[in-house]
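Colleague: Here my numbering is used: the first residue of the sequence shown is 2, the next is one more, and so on. C-beta: ideal position from N, C-alpha, C; glycine also. The structure presented is a predicted model; accordingly, all values stated were derived computationally and were not measured. Dropping a structure here in structure tokens format, bear with me for questions.
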Amino acid sequence: METIRIFCPATIANISCGFDVLGVALDAVGDEMVIRKTVAKGIFITKLEGQELPMETSKNVAGVAGLAFLDASDYEGGFEIEIYKKIKAGSGIGSSAASSTGAVWGMNELLGRPFSTLELIRFAMEGERLASGVAHADNVAPALFGGFTLVRSYDPLDIVPIPSPEELFATVIHPQIEVKTSDSRKILKTKITLKDGIKQWGNLGGLVAGLYTKDYDLIGRSLEDHIVEPIRSILIPGFDQVKSSAIASGALGCGISGSGPSIFALSKGESKAKSVGKAMKKVYKNIGIDYEIHVSKINIEGVRRIN
Ligand code: ADP
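Structure follows, in structure tokens:
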């Protein structure tokens with residue numbers, strides 16, 4: 002195989018009580034990429050459509066993740082990459098992770114899968130380091146594995162894929178405002194109280210157990226964040242209203258996607274997820290902020306080949 006065309010899913014990270022550790026892949030929104038083997042060694046980004054982003058290899062996450070892959074590989078050639086962006090950078094649904102993941106997954110397919118998924122995550126994390134200064138895995142892990150993933154540890158890197166009940170759907174609303182990732186990180190506290198810690202790990206355990214046992218009520222009860230959401234949500238206008246209307250319309254839970262400004266809700270069934278979306282939209286219509294909305298089933302496959 003010389004060329005591959007792929008779908009690179011958007012992802013929700015920081016799922017309520019799973020701040021920095023729990024992410025999930027979406028199906029209805031993602032980028033496309035075409036990756037082609039070249040005789041010349043190196044990574045060459047030859048097309049980038051849909052958004053204004055750097056095409057220079059060292060400034061694009063796909064280039065940086067691709068170089069990490071090439072460095073570890075004994076392949077003598079290189080790769081040409083075309084990126085068709087659909088996920089807006091900075092929206093909080095893993096735009097950079099989609100490109101980093103797509104690059105390394107596609108290259109691995111073209112070379113006959115010399116690397117494991119965990120090794121690909123390490124390469125993709127180098128792209129995340131370029132995007133945010135931190136080589137985090139909470140978006141690239143679900144983008145590669147699909148479904149929900151838990152980053153249990155970074156040292157050693159230990160990623161746990163978690164099953165997703167079939168009827169679980171995500172609604173994501175992206176208010177068209179800018180929240181700088183640096184600002185949303187700056188306002189976080191570095192210490193938590195034992196009381197908050199106990200609530201948070203109780204909920205995280207409950208959420209993981211609920212996902213395994215398909216217990217939607219338990220999932221709903223566990224989708225709480227007592228540590229980050231109360232602080233970060235002040236940067237997102239309308240957050241409290243969006244959350245309360247999502248819950249009033251039957252969502253299991255609602256929280257900040259990534260570092261915002263997107264807000265996600267999880268619901269049982271597609272029609273519920275759609276009515277939750279309607280309720281969320283209404284809030285931004287009333288406030289007068291433009292938005293984009295996605296309703297998606299959980300993508301259990303992760304990045305995949307198309308064509
Ligand atoms: P979020 O996950 O909140 O949507 P990102 O992780 O997408 O935010 O970070 C976007 C940053 O990564 C921007 O500074 C953007 O310029 C940079 N970047 C570099 N290459 C890419 C790419 N191929 N796709 C998306 N963002 C990229």
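Identify the continuous alpha helix (DSSP H) that holds glutamate 271 and give its terminal residues.
Modeller: Element bounds for glutamate 271: 271 to 288.
Colleague: To the nearest angstrom, how far is the alpha carbon of alanine 69 from that of lysine 60?
Modeller: Roughly 13 Å separates the two Cα atoms.
Colleague: When the Cα atoms are used, what is the spatial distance from histidine 295 to alanine 138?
Modeller: When rounded, the distance between both Cα atoms is 23 Å.
Colleague: Out of Met2, Pro10, Ser17, point me to the one whose CA is closest to serine 223's CA.
Modeller: Checked all of Met2, Pro10, Ser17; the closest Cα to serine 223 is Ser17.
Colleague: Straight-line CA distance for arginine 153 to valine 65?
Modeller: The alpha-carbon atoms of arginine 153 and valine 65 are separated by roughly 25 Å.
Colleague: Using the rule of at least 16 other Cβ atoms within 10 Å of the residue's Cβ for burial, across every protein chain shown, is aspartate 75 buried or exposed?
Modeller: Exposed is the call here.
Colleague: Does the distance from the CB of alanine 99 to the CB of alanine 11 come in under 8 Å?
Modeller: Closer than 8 Å, so yes.
Colleague: Tell me where the beta strand (DSSP E) around tyrosine 217 begins and ends.
Modeller: Segment 217 to 223 is the alpha helix (DSSP H) holding tyrosine 217; no beta strand (DSSP E) there.
Colleague: CB-CB under 6 Å to isoleucine 188, same chain, minus the five flanking residues each way: which ones, in chain order?
Modeller: Ile232, listed in sequence order.
Colleague: Return the chain-ordered ranges of every alpha helix (DSSP H) run that is complete within the region 139 to 203 and spans a minimum of 4 residues.
Modeller: If we require 4 residues or more, the alpha helix (DSSP H) runs fully inside the region 139 to 203 come out as 141 to 146, 182 to 187.
Colleague: Is the beta carbon of lysine 86 within less than 7 Å of some heavy atom of the ligand ADP?
Modeller: Yes, Cβ of lysine 86 sits closer than 7 Å to a heavy atom of the ligand ADP.
Colleague: Going by CA-CA distance only, name the one from Val229, Pro176, Met2, Leu169 that's closest to asparagine 1.
Modeller: Any question about residue 1 goes unanswered here, given that the chain covers just 2 to 308.
Colleague: Do you know offhand how far isoleucine 160's Cα is from tryptophan 106's?
Modeller: Roughly 17 Å between the two C-alpha positions.
Colleague: Can we count proline 10 as close to the ligand ADP, meaning its CB is less than 7 Å from some heavy atom?
Modeller: No, since every heavy atom of the ligand ADP falls outside the 7 Å radius drawn around the Cβ of proline 10.
Colleague: My guess is that serine 96 and alanine 104 are in contact by the Cβ rule of under 8 Å, so how many angstroms apart are they, rounded?
Modeller: 13 Å between Cβ atoms; not a contact.
Colleague: Given a cut-off of 8 Å, decide if lysine 273 and glycine 251 are closer than it, judged by their beta-carbon atoms.
Modeller: Yes. Within cutoff.
Colleague: I'd like to confirm the pairing. Which residues does DSSP put opposite valine 25 in its beta bridges?
Modeller: Valine 25 pairs with Ile13, Phe149.
Colleague: Any heavy atom of the ligand ADP inside 7 Å of the beta-carbon of alanine 132?
Modeller: Yes - the ligand ADP has a heavy atom lying nearer than 7 Å to the Cβ of alanine 132.
Colleague: Excluding sequence positions up to five away, which residues of its chain have a Cβ less than 8 Å from the Cβ of phenylalanine 170?
Modeller: Answer for phenylalanine 170: Leu267, Ser268, Lys269, Gly270, Glu271, Lys273, Ala274, Val296, Ser297, Lys298, Ile299, listed in chain order.
Colleague: Residues in the same chain with beta-carbon distance under 7 Å from proline 164, minus the five sequence neighbours each way, listed in chain order, please.
Modeller: These residues qualify, in order along the chain: Gly148, Leu212, Tyr213.
Colleague: Answer yes or no: do alanine 125 and glycine 24 have a C-beta to C-beta separation smaller than 8 Å?
Modeller: No, they are not a contact pair.
Colleague: Taking the alpha carbon of leucine 112 as the point to measure from, which residue in Glu77, Ile84, Ser92, Gly203 has its own alpha carbon closest?
Modeller: Nearest C-alpha to leucine 112: Glu77.
Colleague: So what does DSSP say about leucine 212, is it helix, strand or coil?
Modeller: Leucine 212: helix per DSSP, three-state reduction.
Colleague: State the Cα-Cα distance for the pair glutamate 302 and leucine 27, rounded to the nearest angstrom.
Modeller: Distance between the alpha carbons of glutamate 302 and leucine 27 is about 10 Å.
Colleague: Within its chain, find whatever has a CB closer than 7 Å to the CB of lysine 87; leave out the 5 residues flanking it on each side and keep chain order.
Modeller: Val30, Gly31, Asp32, Gly51, listed in sequence order.
Colleague: Could you tell me which of Val209, Glu230, Ile228, Val229 sits nearest to glycine 221, measuring between CA atoms?
Modeller: That would be Val209, whose Cα lies nearest to the Cα of glycine 221.
Colleague: Which whole-angstrom value is the C-beta distance of proline 162 and tyrosine 217, which I expect to be below 8 Å?
Modeller: Rounded, the Cβ-Cβ distance is 20 Å, inconsistent with contact.
Colleague: Of the choices Pro55, Lys215, Gln177, whose alpha-carbon is the least far from that of glutamate 168?
Modeller: It is Lys215 whose Cα lies nearest to the Cα of glutamate 168.
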